[in-house]
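Here's the structure, in structure tokens; my notes come after.
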Amino acid sequence: MFSGSIYFINKGTIDINEHQYSENRSVNLPISIGIVKETSDNENRVALVPDDAKKLVAKKMEVLVQSGAGSSAGFLDAEYVSAGCKILGESKDVISIANLIIMLGRPDAQDLSKFKPKSTVVGQIYPLRFQTLVRDLARADLTVYSLELLPRTTRAQSMDVLSSQSAVAGYRAAIIGAYNSPRLMPMLTTAAGTVKPANVLVIGAGVAGLMAIATAKRLGALVTAYDVRKAAGNDVRSLGAKFLEVGFNAEGAGGYARELTEDEKNKEKEMLETAIISSDLLITTAGVPGKKAPMIVSAETISKMKVGSVIVDIMAESGGNCELTQRGKIIDHNGVKIIGSINPQSEVPINSSQMYSRNVSSFLSILVGQDGNFVEPEKDELLAACMICNGGKVTFPPMVNEGEGK
39 MFSGSIYFIN KGTIDINEHQ YSENRSVNLP ISIGIVKETS DNENRVALVP
89 DDAKKLVAKK MEVLVQSGAG SSAGFLDAEY VSAGCKILGE SKDVISIANL
139 IIMLGRPDAQ DLSKFKPKST VVGQIYPLRF QTLVRDLARA DLTVYSLELL
189 PRTTRAQSMD VLSSQSAVAG YRAAIIGAYN SPRLMPMLTT AAGTVKPANV
239 LVIGAGVAGL MAIATAKRLG ALVTAYDVRK AAGNDVRSLG AKFLEVGFNA
289 EGAGGYAREL TEDEKNKEKE MLETAIISSD LLITTAGVPG KKAPMIVSAE
339 TISKMKVGSV IVDIMAESGG NCELTQRGKI IDHNGVKIIG SINPQSEVPI
389 NSSQMYSRNV SSFLSILVGQ DGNFVEPEKD ELLAACMICN GGKVTFPPMV
439 NEGEGK
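Numbering (my numbering) for the sequence shown: 39 to 444.
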């Protein structure tokens with residue numbers, strides 16, 4: 039069905055050679071959704087899976103999918119066609135036609151001129167880390183929603199991409215650590231004697247950290263966890279792990295951790311060093327929204343760890359929690375293996391894509407009204423909270439306050 043340069047799908051014609059989508063379309067729909075193949079490093083996920091695409095098509099939305107967009111995640115073009123989607127050859131074919139582009143990450147700056155004028159982009163932009171791109175998005179007259187900015191409210195729970203993808207990252211961190219460790223995780227009683235369980239320390243008890251704790255516990259390890267937020271202690275204990283207490287509470291807005299003061303950092307270092315040195319596997323998951331990951335584990339502390347110990351730093355992409363972490367690399371420091379894991383969610387792309395796709399589908403329920411048209415962002419507090427560009431201007435408050443929206 040997909041050989042040659044022309045596909046005939048649902049009466050729509052796609053000419054791959056000419057990159058033109060014919061006007062002989064079965065319906066004239068106000069919302070045309072575009073799904074492109076992600077291009078960032080080590081990315082296998084896709085933003086929308088066929089099951090959810092089928093539901094959108096049933097709601098009279100058109101879904102255009104770049105050929106091969108879901109193949110790395112196990113979702114083939116034929117499945118999208120069966121769901122009622124239309125397959126286009128290249129990303130530029132999709133973004134030049136669709137007026138709603140759904141992504142996992144962010145557009146490439148060199149592609150912005152190819153977007154349909156005044157179209158909408160939904161993804162994870164991280165505006166404070168990519169301020170130049172945000173200004174370019176505004177100049178391209180795109181309306182952009184960055185899903186990681188959604189507030190942690192009951193109404194937004196089903197759209198929470200940070201939680202869904204962090205859960206996958208935490209699971210993978212424990213599996214990666216166990217795979218790379220020269221020790222067994224559980225206690226074993228054998229004819230050759232008893233093998234002690236591994237000691238696992240998890241730093242950061244957000245969604246990723248809690249999933250890492252739960253997974254390490256299932257593998258049979260003794261697990262200890264630490265978080266600057268006192269409230270996280272109850273969650274840690276509920277999973278059967280020990281919680282390290284510190285004499286301050288660094289819970290910030292929205293339930294996230296805030297940055298520590300210098301005095302708090304010193305107290306944290308003193309308490310953590312003993313726990314780190316005695317651990318066989320250290321998993322670090324601590325992050326501050328919109329900022330560089332806090333450096334928690336120093337090179338000096340790592341030098342004191344036992345030979346054969348393993349560190350899995352899933353914050354490597356935003357700077358890392360360990361001083362010696364190298365993004366995307368595994369290094370050996372005096373017998374301690376340090377894994378700078380980037381995008382661990384992509385290592386289980388089927389389920390992580392399904393979860394992200396459900397989050398996006400839920401977000402579309404507030405982005406697109408009953409009449410099939412876009413809802414004006416000022417009419418919904420969730421849309422307003424995560425909108426970073428609109429009408430040719432930057433609308434993300436921190437950047438606007440610094441003059442970036444001018």
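Heads up, the beta-carbon is just placed ideally off N, CA and C, and yes, glycines get one too. Source: prediction; values computed, not measured.
In the three-state DSSP reduction, S78 falls in the coil class, being neither helix nor strand. The beta strand (DSSP E) runs of length 3 or more contained entirely in the segment 289 to 353 are, from start to end of the chain, 319 to 322 and 348 to 351. Excluding five sequence positions before and after I368, the CB atoms of its chain that fall closer than 8 Å to its own CB belong to N218, K375, I376, I377 and G378, given in chain order. In the structure shown, the three-state DSSP call for K154 is coil.
Taken atom to atom, the span from the alpha-carbon of G271 to that of K154 is near 49 Å. For K375, DSSP records a beta bridge to V348 and D370. The beta carbon of S400 sits closer than 8 Å to those of S196 and M197, all from its chain and outside the five residues before and after it, given in chain order. Membership of S201 in the alpha helix (DSSP H) is indicated by the continuous run V199 to N218. In this structure the segment 247 to 264 touches the segment 205 to 225; the number of beta carbon pairs closer than 8 Å is three or more. When Cβ pairs closer than 8 Å are counted between the two stretches, the segment 218 to 236 is seen not to touch the segment 262 to 271, the count staying below three. If you draw a straight line from the Cα of R256 to the Cα of R221, it is about 16 Å long.
Taking the Cα positions, G122 is about 16 Å away from V132.
Cβ-Cβ distances below 6 Å link V238 to A254, A259, V261 and L319 in the same chain, with the five nearest sequence neighbours on each side left out; the list follows chain order. Around the beta-carbon of E416, fewer than 16 other beta-carbon atoms lie within 10 Å, marking it exposed.
DSSP places Y183 within a strand segment (E or B) once states are collapsed to three. For V84, the three-state secondary structure derived from DSSP is coil.
Residue range D115 to S120 is occupied by the alpha helix (DSSP H) that includes E117. In this structure, the alpha-carbon of T323 lies about 19 Å from that of M343. The beta strand (DSSP E) runs lying completely inside the segment 121 to 148 and spanning 3 residues or more are 124 to 126 and 138 to 140, given in chain order. In the three-state reduction of the DSSP assignment, F401 falls in the helix class.
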